[in-house]
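Each residue of the first sequence is one higher than the one before, starting from -18 at the first, in the numbering used here. First the structure, in the form of structure tokens, and then the observations on it.
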Amino acid sequence: MIDIQQIRDHSDEVILRLKVRNMDAGDLVNGLKEVDQSKRQLQKQLDDTLAEINALAKEIGVLFKTGKGAEAEPLKEKSAALKKQAKDLQEQLDEANAKFQELIVRLPNLPHPSVPAGKSDADNLVIQKTGKVIPAAPDALPHWDLAKKYDIIDFERGTKITGAGFPVYKGLGARLQRALITFFLDEALIAGYTEYQPPLLVNEDSAFGTGQLPDKDGQMYHVPSDNLYLIPTSEVPVTNLFRDTILQEDELPVKCTAYSVCFRREAGSYGKDVRGLNRLHQFDKVEIVQITRPENSYKALDEMVTHVSGVLKKLELPFRTTRLCGGDLGFAAALTYDMEVWSAAQGRWLEVSSVSNFESYQSNRLKLRYKTADGKNRLAHTLNGSALALPRIMAALLENNQSEEGILIPKALQAYTGFRYIQ
RNA sequence: GGAGAGGUGGCCGAGUGGUCGAAGGCGCACGCCUGGAAAGCGUGUAUCCGUCACAAGCGGAUCAAGGGUUCGAAUCCCUUUCUCUCCGCCA
């Protein structure tokens, strides 16, 4: 969440910057300022009252010790009255705090100055195109047909055993999937990331910490009997490893990578967007996460984009990088780059990675700080990115590399698959 | 799932109602000592909130979490949660 100090000192700027998200935050920000004010006032009153109570208790203690217990009686009465007052103030303060919390979690992160204005993904700024987009042959098959032709993904039986959006990978398809995971992890390892294998279910605190709750409630699968959530991305468990943590400055940057299965309910999706592998309820992803000092986070963001680009180049897939516009920017992100690969047979770009800098928005919720050389605790910056999401990579590989001989596995992957063609 | 034991500061570990945010030790930082180092000696060493200049100082909160008893609780009571031991079940 946004640092309240920023709202106290620069509320106009906050409102202005949120306009890039097409959000009119005026009422919210001003309401927040008011609640903050009364909250602090109540805090002061309560603290003063408690201080009086504490002083009385000490006095009474001394009286008892010196055998003047009788003299303590009026003090006791006074204390009782103050206690009642304190309880009252405490209730008011709790109320103010709840209100404050309710309001502040509704404020999304402030967009970075470079975020373009815009309403939807159509307004995202294309900043880089890499690789040649060759028009697909007229008889090119979309990946769902190729999956059937080579018997490598079984959508129907996935639907039978679970439901739509839960494909079954089979034979060379399953092996290609496994190869991709290992390849991605190895690439991250080379880039200096430490590999993690996190739990696939998280508790409420974790879901809140990275911002899935309360903003995206309903997007996650929930297990009510244990009040746990299936992770929509390993960003959630991995970033939460550092919840309530004060790191030493020399531990930064922290660089983590994790492969995990991801679960998303995707309520409300439909049409060609969800055909085949385009949008699934369960999919595999390798994620990269960095925790940095504030002054280094944008350098780290560039580094992560470069890393993902490098992996895509090794896969020989044509891709483009876009900078998300204000309207498409995620709730917690300050700046996001999307990487999209060209899907030849579908003739469209498929998002395979999203790399974001959250600045201190997540770390403020997570209480993720680091101790500077002069002993001060500061909020760290968090970043994450997909490197990469598997299904659409799979889709693009199938569609782009199809020929009469079968589907050619890119050279960099062959060492991992152990085969050159899917035939 | 059943029975029992327990959760104290970065770590270990005292503390069963009164000036305890908490003894002592370790670790760490700085200083003295030394040619340099070790040892030794000394000093310091949690987090959050408020006041305020995001200083100092002062005040408040925090001994797993929440609630209660009391003038006063790390210490007593209740609930929750986690860890450990034994049993059960089990990949």
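Every residue, glycine too, gets a C-beta built ideally from N, C-alpha and C. No experiment lies behind these values; they were computed from the predicted model shown.
DSSP, reduced to helix, strand and coil, places ALA396 within a helical segment of the structure shown. Beta-carbon to beta-carbon, LYS14 and ILE(-4) are separated by about 11 Å, too far to satisfy the 8 Å threshold.
Under DSSP, ASP265 forms a beta bridge with VAL242.
Between the segment 62 to 73 and the segment 31 to 38 there are three or more C-beta pairs closer than 8 Å, enough to call the two in contact. According to the DSSP assignment, MET375 belongs to no beta strand (DSSP E) but to the alpha helix (DSSP H) extending over 371 to 381. Buried is the label assigned to LEU364, since at least 16 other Cβ atoms lie within 10 Å of its Cβ. For ASP319, the enclosing beta strand (DSSP E) stretches over residues 316 to 324. DSSP lists ARG301 as the bridge partner or partners of LYS110. Nearest Cα to ILE85 within the set HIS362, THR220, GLN343, SER241: GLN343.
Per the DSSP secondary-structure output, CYS237 pairs in a beta bridge with THR175, VAL270.
Scanning its chain for C-beta atoms nearer than 8 Å, with the 5 sequence neighbours on each side dropped, one finds around LYS130 the residues LEU122, in chain order. Approximately 6 Å separates the beta-carbon atoms of TYR402 and LEU389; this is inside 8 Å, confirming the contact. Around the Cβ of GLU168, a 10 Å sphere holds 16 or more other Cβ atoms; the residue is buried. Where SER335 is concerned, the enclosing beta strand (DSSP E) starts and stops at 329 to 340. Assigned with DSSP and collapsed to three states, ASP135 falls in strand. As DSSP reads the structure, ILE227 sits in a beta bridge with ARG350. Here the alpha carbon of ASP28 sits roughly 41 Å from the alpha carbon of VAL270. If you look at ILE388, you'll find it in the beta strand (DSSP E) that goes 387 to 389. Setting aside the 5 residues that flank it on each side, ALA393 is surrounded in the same chain by LYS295, each with a C-beta closer than 6 Å to its C-beta; the list follows chain order. Distances from the alpha-carbon of VAL322 to those of SER290, SER95, ARG350, GLU340 put SER290 closest. Excluding sequence positions up to five before and after ASP102, its CB lies within less than 7 Å of the CB of ASP309, all in the same chain and listed in chain order.
Under the three-state reduction of DSSP output, SER384 falls in the strand class.
Taking C-beta atoms as the reference points, LYS236 and ALA370 fail to come closer than 7 Å. Less than 7 Å divides the Cβ of GLN200 from the Cβ of ARG246.
Of the residues LEU378, ASN338, ASP355, the one whose Cα lies closest to the Cα of ALA325 is LEU378. Around the C-beta of PHE45, fewer than 16 other C-beta atoms lie within 10 Å, and the residue is accordingly described as exposed. Taking 8 Å as the upper bound for CB-CB distance, MET375 and LEU157 are in contact here, some 7 Å apart. Sequence-distant Cβ neighbours of THR353 in its own chain, meaning closer than 8 Å and more than five residues away, are GLU230, ARG359. GLU340 counts as buried, since at least 16 other C-beta atoms from the protein chains shown sit within 10 angstroms of its C-beta. Here the segment 49 to 56 makes no contact with the segment 71 to 85; the two share fewer than three CB pairs at distances below 8 Å.
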